[in-house]
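Residue numbers (the UniProt record's numbering): 1 to 392.
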């Protein structure tokens with residue numbers, strides 16, 4: 001063969017041309033004359049024609065590839081170590097610095113980042129609970145309540161007071177109204193709610209201020225909670241009556257601070273609904289009793305001032321409307337409640353309105369079939385179906 005025998009250690013160009021290579025490194029004489037890149041096979045894998053490096057440059061590595069090759073990297077272990085040693089510092093800097101530069105907390109201390117993440121986590125609990133409530137008031141929204149309480153216990157000192165007030169009121173309000181539809185307290189959640197109540201009571205805000213997000217004051221929410229507690233406690237009738245009279249007087253004397261007429265009327269509807277709730281739960285008053293009929297007429301009149309065509313979308317009094325439906329004793333009263341639900345449903349297509357409305361229709365249907373139903377039958381019916389209605 002012309003050119004003599006070929007060495008197994010010759011450069012790639014000489015082996016391809018079937019010429020003897022003088023194996024002078026970094027560039028053999030033949031490649032110097034032709035001006036070609038002189039490529040020598042890796043010592044660890046000379047039999048593999050794909051594993052080569054360009055030896056003519058100390059700062060640059062050329063990795064020849066093949067379309068049919070399934071190798072992850074066409075380098076020997078020694079060559080890979082050489083490359084990694086030169087780039088390791090830049091990789092570490094990129095992993096640590098770039099994500100931090102892109103983060104909204106880039107210039108915050110570690111403590112500030114933790115505090116901000118806690119706020120986000122609590123707001124996330126509210127958003128997830130709202131989605132579950134809008135989906136149909138399934139029991140899963142209560143898990144997010146427990147999550148918010150766990151964050152409060154673990155990071156209470158790191159939570160911004162404004163965020164804490166918003167989250168605490170959000171969950172307490174909805175849980176207390178949900179309990180008005182349950183015959184008994186849930187022990188697993190009662191402890192969490194007690195903790196939320198203590199934390200909420202320490203926040204610097206006016207208890208008689210009508211909140212824009214809930215449509216009534218937290219003072220009134222606390223009274224509703226007391227009425228629910230009375231119905232589950234095993235106390236004598238005389239004591240129950242005396243406590244009921246005291247609560248009724250507090251409801252009569254209750255005053256509100258509101259920024260506009262809508263909020264004041266909304267709070268008034270909650271107050272009247274609480275008076276009806278007190279009579280139904282504590283006194284076991286029939287829905288046809290004159291005292292209930294008078295309050296019911298006032299409640300429907302108040303709701304008719306709030307739920308009107310053209311009203312901007314704001315927090316509406318769902319619980320008072322639900323109580324008005326539960327206290328209906330005639331088809332005329334039901335018609336008024338039905339019209340209110342239809343109007344609200346047209347304004348809020350994504351909400352829990354349909355879930356509450358379906359529950360109320362079932363209550364009416366049950367009463368029509370069972371003449372001997374009790375005055376608190378809505379609790380038994382809702383509990384039977386396992387609903388956890390958020391009446392907000």
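Cβ coordinates follow ideal geometry from the N, Cα and C atoms, glycine included.
Assigned with DSSP and collapsed to three states, residue 41 falls in strand. The beta-bridge partner set that DSSP reports for residue 209 consists of 257. For residue 383, the uninterrupted alpha helix (DSSP H) run begins and ends at 377 to 384, by DSSP. Counting along the chain, no alpha helix (DSSP H) covers residue 327, and no H or E run does either. Between residue 284 and the set 215, 227, 303, the nearest pair of CA atoms involves 227. DSSP, read as helix, strand or coil, puts residue 23 in coil. Here the region 213 to 221 does not lie against the region 230 to 240, with fewer than 3 beta-carbon pairs under 8 Å apart. Two segments are said to touch when three or more pairs of C-beta atoms, one from each, lie closer than 8 Å; by this definition the region 288 to 306 does not touch the region 240 to 251. Ranked by Cα distance from residue 261, the options 296, 42, 305, 27 are led by 305.
Rounded to whole angstroms, the gap between the alpha carbons of residue 289 and residue 381 is 22 Å. Taking 7 Å as the cut-off, the beta carbon of residue 256 is found closer than this to the beta carbon of residue 208. Between the region 326 to 338 and the region 305 to 315, the count of C-beta pairs closer than 8 Å stays below three; the two stretches do not touch. In terms of Cβ geometry, residue 224 and residue 267 do not form a close pair [threshold 7 Å]. Ranked by how close their Cα comes to the Cα of residue 264, the residues 24, 278, 282, 315 have 315 in first place. Inclusion of residue 318 and residue 392 in the CB contact set at 7 Å is warranted, their separation being smaller than that value. Classified as exposed, residue 335 has fewer than 16 neighbouring CB atoms from the shown chains inside 10 Å of its CB.
Annotated as proximal: residue 220 and residue 270, with beta-carbon spacing under 7 Å. Around the C-beta of residue 296, 16 or more other C-beta atoms lie within 10 Å, and the residue is accordingly described as buried. Residue burial is scored here from C-beta neighbours: residue 211 has at least 16 other C-beta atoms within 10 angstroms and is therefore classed as buried.
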